[in-house]
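Undergrad: Going by the UniProt record's numbering, the residue at position 54 of the sequence shown is 54; the numbering climbs one at a time, nothing skipped.
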Amino acid sequence: MADPTAPHPVIGLRREREVLTVALRTNRHVVLEGPPGTGKSTLLRSIAADVGQEVVFVEGNAELTPARLIGQYDPAAVLADGYVPGSFTDGPLLTAMRGHGLLYLEELNRIPEETLNVLITVLTEGEITVPRLGHVRAAAGFRLIAAMNPFDAIGTARVGQAIADRMCRVVLGYQDAAAERAIVGAVTAAPPALIGLAVRLVRATREHRDVRMGSSVRGATDLVLLLGGLLDVRGQSGLGAEGARETARDAAYAALSGRIRITDGVERTAEAVIDEILDGVWPEEGPPPPDGGDPPAESPGGDDQGKGEGPPESPAGPDSASSLRRDRRSGGGRRQTSRREMAARHEAFEEVSPEVGELDEEAFAALMAEDADAAAALLTDLAAATDRDLRSAAQRLAGRVFVQVGRVGRTRTRGTRRLVPDRRGDGDLDLDRTLDRWAVGTPLAEGDLVTRRWTGHRRSVCLAVDTSGSMTGLGVAIAAVAAAGVVLTGDERLRTGLITFGREVDVVQRPGQRRAAEDVVTHLLGLRGHGMTDLAAALRAARLQLAAQVADERVVVLLSDCLHTTGDPPESALGGIDRLHVLCPLPTPEAEQAARELAGRGGGTAQMVRTLRDLGPALTRLLG
Numbered sequence: 001m002a003d004p005t006a007p008h009p010v011i012g013l014r015r016e017r018e019v020l021t022v023a024l025r026t027n028r029h030v031v032l033e034g035p036p037g038t039g040k041s042t043l044l045r046s047i048a049a050d051v052g053q054e055v056v057f058v059e060g061n062a063e064l065t066p067a068r069l070i071g072q073y074d075p076a077a078v079l080a081d082g083y084v085p086g087s088f089t090d091g092p093l094l095t096a097m098r099g100h101g102l103l104y105l106e107e108l109n110r111i112p113e114e115t116l117n118v119l120i121t122v123l124t125e126g127e128i129t130v131p132r133l134g135h136v137r138a139a140a141g142f143r144l145i146a147a148m149n150p151f152d153a154i155g156t157a158r159v160g161q162a163i164a165d166r167m168c169r170v171v172l173g174y175q176d177a178a179a180e181r182a183i184v185g186a187v188t189a190a191p192p193a194l195i196g197l198a199v200r201l202v203r204a205t206r207e208h209r210d211v212r213m214g215s216s217v218r219g220a221t222d223l224v225l226l227l228g229g230l231l232d233v234r235g236q237s238g239l240g241a242e243g244a245r246e247t248a249r250d251a252a253y254a255a256l257s258g259r260i261r262i263t264d265g266v267e268r269t270a271e272a273v274i275d276e277i278l279d280g281v282w283p284e285e286g287p288p289p290p291d292g293g294d295p296p297a298e299s300p301g302g303d304d305q306g307k308g309e310g311p312p313e314s315p316a317g318p319d320s321a322s323s324l325r326r327d328r329r330s331g332g333g334r335r336q337t338s339r340r341e342m343a344a345r346h347e348a349f350e351e352v353s354p355e356v357g358e359l360d361e362e363a364f365a366a367l368m369a370e371d372a373d374a375a376a377a378l379l380t381d382l383a384a385a386t387d388r389d390l391r392s393a394a395q396r397l398a399g400r401v402f403v404q405v406g407r408v409g410r411t412r413t414r415g416t417r418r419l420v421p422d423r424r425g426d427g428d429l430d431l432d433r434t435l436d437r438w439a440v441g442t443p444l445a446e447g448d449l450v451t452r453r454w455t456g457h458r459r460s461v462c463l464a465v466d467t468s469g470s471m472t473g474l475g476v477a478i479a480a481v482a483a484a485g486v487v488l489t490g491d492e493r494l495r496t497g498l499i500t501f502g503r504e505v506d507v508v509q510r511p512g513q514r515r516a517a518e519d520v521v522t523h524l525l526g527l528r529g530h531g532m533t534d535l536a537a538a539l540r541a542a543r544l545q546l547a548a549q550v551a552d553e554r555v556v557v558l559l560s561d562c563l564h565t566t567g568d569p570p571e572s573a574l575g576g577i578d579r580l581h582v583l584c585p586l587p588t589p590e591a592e593q594a595a596r597e598l599a600g601r602g603g604g605t606a607q608m609v610r611t612l613r614d615l616g617p618a619l620t621r622l623l624g
């Protein structure tokens, strides 16, 4: 087999190659956007080789500081010769600008905003001013080419408009099956049967209904190499040998399970999805698939397959010992709803659930597109149906739907991370501040050495959900989506917790703990409002949760109509809370006034949530 590390030509991408070539000829800067394995780096290196330009490569990550990108003075040289040009070491940006051609920034949306901002003048004017060094102008032929994967939410942030407005955008997708077979063949030189099987399996992962992001063609390359090696080790002569199907499964587990991402709310493993895809491509009792060709029309990711019997009910499901059925004191109790009640309450009920135990996801998706509020209210009632099978299916669907809706408006703010001086010795040396503090020629005393490190504004947030009488239908859906949004927003700089309350308080997630968003949604779907509302008790409980956290700011987000019916006045419980924001669901004039007054007393803002679509922007304004 061929060496998988050897360079290989670009296959396919003819239109993208033409657009990128012309963009470079016309002095445009470009961002290449696409999922992993679509050939972004290979395409750029091929074009650069054609035109004879060198590529200066930079791996984008959260630790790329402006000094590491631009360049910096060498401390030893400064001490010997002072701040002269010879003491300065060019970084990749100045190296490319001074005549080496193309600067290639990998993973653009992982680079901190403070670092990206140094590129604004470079992209517009082709020049940069470096403190103490002076003015540097780019040589002819300098271009910035960036690449980013928009599908990975971990450690990424939205690229600011100031950068996006100065670059052309070329979107790359996966090649067709024939091109992918050619790519794998060029890398591996494997037999066509192995290549055809690997490409079919990989392409099926991108279409499976339970997979959020499928494998790239790199998965097919690894699968071919692993499968060929395992066949040799096990003494199996090709895919027709006895036991070859099990060997293919072992190779697929190793090559693909780490590359695919299961959809949020689906309680399946990657291996289970791979088993199902393999069953569709190569039935257990059937012969190996023919060489090449596209997957059959009824692929494992089609509408009639993909979930099998489904997972067992969640531990937070209706019959769990931890269910809210056992504890009505927490402010929310489980009230199951009959089919007759749901038919009377929701016009679309019989379309979404035409038979006992049946949930038509296509009909629900159509209703969601037409009227999201009606669909969400129906789904919350379905999740509390007396029909056990329908209830279980609705809870699984709600876990996916409400978590996905909770992502709307969820952004990571780059500006919360900034470079600050530090005397602990972490980070990059801040030469100017060190020389200002240190008497050159004397021993370096403790505290003289100053570095620069990234820091962030740390917040701890507790969402308090009112589960008293107003929590029905759409109100439950709004609470579930808000909870999912808060849980999903949590990271190392934003610790998130969740409590529910009526007369008494139930802690669902403590700040700093990690609980799956779909589990939180399932928990809240079991709540049906009843009883009294003690806002003061909720605020005190939230304050206790936040007090245990190390944070610069402690914030409570209250999802309630703010009409307390028992306990102390809520304003008496604001001590120890830095900021109180209110999300008021389905507000009446009385509730809106109460919400605005309480938020004002708590130093925050009140957001009126009249529809499900109001919630994403509201959470973004409060937590972004």
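Backbone N, C-alpha and C fix where the C-beta goes; we use that ideal spot for every residue, glycine too.
State the DSSP-derived secondary structure class of Pro617, mapped to helix, strand or coil.
TA: Within the sequence shown, numbered from 1, the residue matching residue 617 stands at position 617. In the structure shown, Pro617 sits in a helix (DSSP, three-state: H, G or I).
Undergrad: Report buried or exposed for Val136, applying the criterion of at least 16 other Cβ atoms within 10 angstroms of its Cβ.
TA: Taking the sequence shown and counting its residues from 1, the one referred to as residue 136 is at position 136. With 16 or more Cβ atoms within 10 Å of its Cβ, Val136 is classed as buried.
Undergrad: Suppose the cutoff is 7 Å on Cβ atoms and the five residues either side in sequence are ignored; what does the same chain contact list for Gly575 look like?
TA: Taking the sequence shown and counting its residues from 1, one reaches residue 575 at position 575. When the five nearest sequence neighbours on each side are left out, no beta carbon in the same chain lies closer than 7 Å to the beta carbon of Gly575.
Undergrad: With a threshold of 8 Å, are at least 3 pairs of Cβ atoms found where one atom belongs to the region 476–483 and the other to the region 517–527?
TA: Flag = yes, the region 476–483 and the region 517–527 touch.
Undergrad: What's the gap between the Cα of Gln607 and the Cα of Leu144?
TA: As a position in the sequence shown, residue 607 is number 607, starting the count at 1. As a position in the sequence shown, residue 144 is number 144, starting the count at 1. Those two C-alpha atoms are separated by around 42 Å.
Undergrad: Report the three-state DSSP secondary structure of Met97 (helix, strand or coil).
TA: Indexing the sequence shown from 1 puts residue 97 at position 97. Reduced to three states, the DSSP call for Met97 is helix.
Undergrad: Report buried or exposed for Pro354, applying the criterion of at least 16 other Cβ atoms within 10 angstroms of its Cβ.
TA: In the sequence shown, residue 354 corresponds to position 354, counting from 1. Taking a 10 Å sphere around the C-beta of Pro354, we find fewer than 16 other C-beta atoms and assign the residue as exposed.
Undergrad: Tell me whether Gln509 sits in a helix, a strand or coil according to DSSP, three-state version.
TA: The count along the sequence shown starts at 1 and reaches residue 509 at position 509. Residue state, collapsed to three classes: strand.
Undergrad: Is the region 174–182 close to the region 205–221, with three or more CB pairs under 8 Å?
TA: yes
Undergrad: Among the residues of its own chain, which have a CB less than 8 Å from the CB of Thr247, if the five just before and after it don't count?
TA: By one-based count along the sequence shown, residue 247 stands at place 247. Non-local beta-carbon contacts of Thr247 in its own chain, meaning distances under 8 Å to residues more than five positions away in sequence, involve Leu227, Leu230, Leu231, Arg234 and Gln236 in chain order.
Undergrad: Please classify Val22: is it buried, with 16 or more other beta-carbons within 10 angstroms of its beta-carbon, or exposed?
TA: Stepping through the sequence shown from its first residue, residue 22 is reached at position 22. Exposed is the call here.
Undergrad: Does the ligand NAD have even one heavy atom less than 6 Å from the beta-carbon of Ile47?
TA: The ligand content of the structure shown is nil, which means the ligand NAD is not present either.
Undergrad: What are the start and end residues of the beta strand (DSSP E) that includes Ile145?
TA: Within the sequence shown, residue 145 is the residue found at index 145, counting from 1. Start and end: Arg143 to Met148.
Undergrad: Would residue 625 and Leu379 be called neighbours here (beta carbons separated by less than 7 Å)?
TA: In the structure as shown, the chain begins at 1 and stops at 624. Residue 625 is therefore absent and cannot be evaluated.
Undergrad: When you compare each of Ala140, Thr121, Thr95 and Met148 to Ile111 by their alpha carbons, which one comes out closest?
TA: For this step, residue 111 is matched to residue 111 along the sequence shown. Comparing Cα-Cα distances from Ile111 to each of Ala140, Thr121, Thr95 and Met148, the minimum goes to Met148.
Undergrad: Strictly by DSSP, which residues pair up with Gln607?
TA: Walking along the sequence shown from the start, residue 607 turns up at place 607. Partner(s): Leu583.
Undergrad: Pull up the CB-CB distance for Arg601 and Glu553, whole angstroms please, since I reckon it's below 8 Å.
TA: As a working mapping, residue 601 is identified with position 601 in the sequence shown. As a working mapping, residue 553 is identified with position 553 in the sequence shown. Contact doesn't hold; Cβ gap of about 17 Å is too wide.
Undergrad: Rounding to the nearest angstrom, what Cα-Cα distance links Arg209 and Glu597 in this structure?
TA: Reading the sequence shown from its first residue, position 209 is the one you call residue 209. Reading the sequence shown from its first residue, position 597 is the one you call residue 597. Each residue's alpha carbon lies about 46 Å from the other.
Undergrad: Can you tell me whether Asp430 is buried or exposed? The criterion is at least 16 other CB atoms within 10 Å of its CB, across all chains shown.
TA: Here the question's residue 430 lines up with position 430 in the sequence shown. By the neighbour-count rule (16 or more Cβ atoms within 10 Å), Asp430 is buried.
Undergrad: Under three-state DSSP, which class holds Ala179?
TA: In the sequence shown, the residue the question calls residue 179 occupies position 179. In the structure shown, Ala179 sits in a helix (DSSP, three-state: H, G or I).
Undergrad: Do Glu351 and Ala363 have their C-beta atoms closer together than 7 Å?
TA: Here residue 351 refers to the residue found at position 351 of the sequence shown. Here residue 363 refers to the residue found at position 363 of the sequence shown. A contact, by the Cβ cut-off of 7 Å.
Undergrad: Excluding the 5 residues preceding and the 5 following Val78 in the sequence, name in chain order all residues of the same chain whose CB lies nearer than 8 Å to its CB.
TA: Numbered from 1 along the sequence shown, position 78 holds the residue referred to as residue 78. The answer, listed in chain order, is Ser87, Leu431 and Leu435.
Undergrad: Under a Cβ-count criterion, where at least 16 other Cβ atoms within 10 Å of its own Cβ denotes burial, should Pro585 be classed as buried or exposed?
TA: One-based indexing of the sequence shown puts residue 585 at position 585. Pro585 should be labelled buried.
Undergrad: Ends of the alpha helix (DSSP H) at Glu504?
TA: Position 504 of the sequence shown, counting from 1, holds the residue named residue 504. Neither: Glu504 is in no alpha helix (DSSP H) and is coded neither H nor E.
Undergrad: Roughly how many whole angstroms lie between the Cα atoms of Val281 and Arg259?
TA: On the sequence shown, position 281 is the one that residue 281 refers to. On the sequence shown, position 259 is the one that residue 259 refers to. Cα-Cα distance, rounded: 19 Å.
Undergrad: Taking all protein chains shown into account, do 16 or more other C-beta atoms lie within 10 angstroms of the C-beta of Thr468, making it buried, or fewer, making it exposed?
TA: By one-based count along the sequence shown, residue 468 stands at place 468. Here residue 468 turns out to be Ser, not Thr, going by the sequence shown. Here Ser468 is buried. Its C-beta has 16 or more other C-beta atoms within 10 Å.
Undergrad: Just verifying my parser: in three-state terms, what is the DSSP assignment at residue 626?
TA: Outside the modelled stretch of the chain, which goes from 1 to 624, sits residue 626, for which no answer is possible.
Undergrad: Using 7 Å as the threshold, is the C-beta distance between Thr38 and Leu172 below it?
TA: In the sequence shown, residue 38 corresponds to position 38, counting from 1. In the sequence shown, residue 172 corresponds to position 172, counting from 1. Taking 7 Å as the Cβ cut-off, Thr38 and Leu172 qualify as a contacting pair.
Undergrad: Could you work out which residue in Ser257, Ala366 and Val31 is closest to Thr205 when comparing CA atoms only?
TA: As a first step, residue 205 is located in the sequence shown; it is residue number 205 there, counting from the start. Comparing Cα positions, the closest option is Ser257.
Undergrad: Going straight from the alpha carbon of Ile47 to that of Leu103, what length do you get?
TA: Here residue 47 is taken as the residue at index 47 of the sequence shown, counted from 1. Here residue 103 is taken as the residue at index 103 of the sequence shown, counted from 1. Approximately 13 Å, taken between the alpha carbons.
Undergrad: Have a look at Ala252, Val401 and Val184 and flag the residue whose alpha-carbon is nearest the alpha-carbon of Ala272.
TA: Working through the sequence shown from its first residue, we reach residue 272 at position 272. That would be Ala252, whose Cα lies nearest to the Cα of Ala272.
Undergrad: Quick one: is Asn109 buried, meaning 16 or more other Cβ sit within 10 Å of its Cβ, or exposed?
TA: As a working mapping, residue 109 is identified with position 109 in the sequence shown. Buried, since its Cβ has 16 or more Cβ neighbours within 10 Å.
Undergrad: Using the C-alpha atoms, what's the distance from Asn61 back to Pro92?
TA: Working through the sequence shown from its first residue, we reach residue 92 at position 92. Working through the sequence shown from its first residue, we reach residue 61 at position 61. Their Cα atoms are separated by approximately 14 Å.
Undergrad: Is Thr269 helix, strand or coil when you go by DSSP?
TA: Reading the sequence shown from its first residue, position 269 is the one you call residue 269. Note: Thr269 maps to coil in three-state DSSP.
Undergrad: So the beta strand (DSSP E) Ser257 belongs to, where does it begin and stop?
TA: By 1-based counting over the sequence shown, the position of residue 257 is 257. Segment: none, Ser257 is in no beta strand (DSSP E) and carries neither H nor E.
Undergrad: Is Val30 buried or exposed, if buried means 16 or more other CB atoms sit within 10 Å of its CB?
TA: By 1-based counting over the sequence shown, the position of residue 30 is 30. When all chains shown are included, Val30 counts as buried.
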